[in-house]
Amino acid sequence: MRCLVVDDYAPFLEAASSLLQLQGIAVVGVATTGAEALRRAEELWPEVILVDINLGAESGFELAEQLYRDRHSVPVILISTHAEQDFADMIEASPAVGFLCKSALSPGAIRDFTGLADPGYYADYLCQTKS
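Taken in order, the sequence shown gives residues 1 to 131; the numbers are from our numbering.
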C-alpha cells in the first residue's frame, strides 16, 4: 500500500514513516503543508493519505476536503494526538474515511479503514488508468 503522510511536525513524520515502512506500508512521500500535500498527492498517486488535524496555521479538515475534491478516489484518514471525541462532529462531517489517534497508527488500522489488503490492487489500478 502506498501512503502519503501529512504533518507539520518533522519528528512525527520521521517516526511514522519508519514505523509504517518497517511494517509493510510504502510511505511514498511526506508533506508539511496543505499546498505541498496537494502537489505530492498529484505526483505520487498514493493509495491512502494520512492528514494531521492540526497543520500549524492550516486545518487538516480543510485539506481533507480539498484532497477529496481533487482526488476523491484516494481515502484520507485524519490523525491527531487528541482523542477522537474532541473532534467527533468535525470528523463525522469530513469526507475522511476515518480517524486514528497517532498512538494507534498501524498498517492494520489503515487497512481496516481503506479495505486495501491486497498489495497488488494499486499496481493493477495504475496499469489500467495510465494505459
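Every residue gets a Cβ at the ideal spot worked out from N, C-alpha and C, and that includes glycine.
Handout entry: Span separating the alpha-carbon of F87 from that of C3
Key = When rounded, the distance between both Cα atoms is 23 Å.
Handout entry: DSSP state of G115 mapped onto helix, strand, coil
Key = G115 sits in coil when the DSSP states are folded into three classes, being neither helix nor strand.
Problem - Where I49 falls: helix, strand or coil (DSSP) - result: In the displayed model, I49 falls within a strand according to three-state DSSP.
Practice task
Please confirm if the stretch 75 to 84 is in contact with the stretch 26 to 40, defined as three or more CB-CB distances below 8 Å between the two stretches.
Solution key: Taking a cut-off of 8 Å for Cβ pairs, the stretch 75 to 84 and the stretch 26 to 40 do not touch, as fewer than three such pairs fall below it.
Problem - Assigned secondary structure, S103 (DSSP; H/G/I helix, E/B strand, else coil) - result: helix
Problem - Three-way DSSP call (helix, strand, coil) for I79 in this model - result: I79 falls in the strand class under three-state DSSP.
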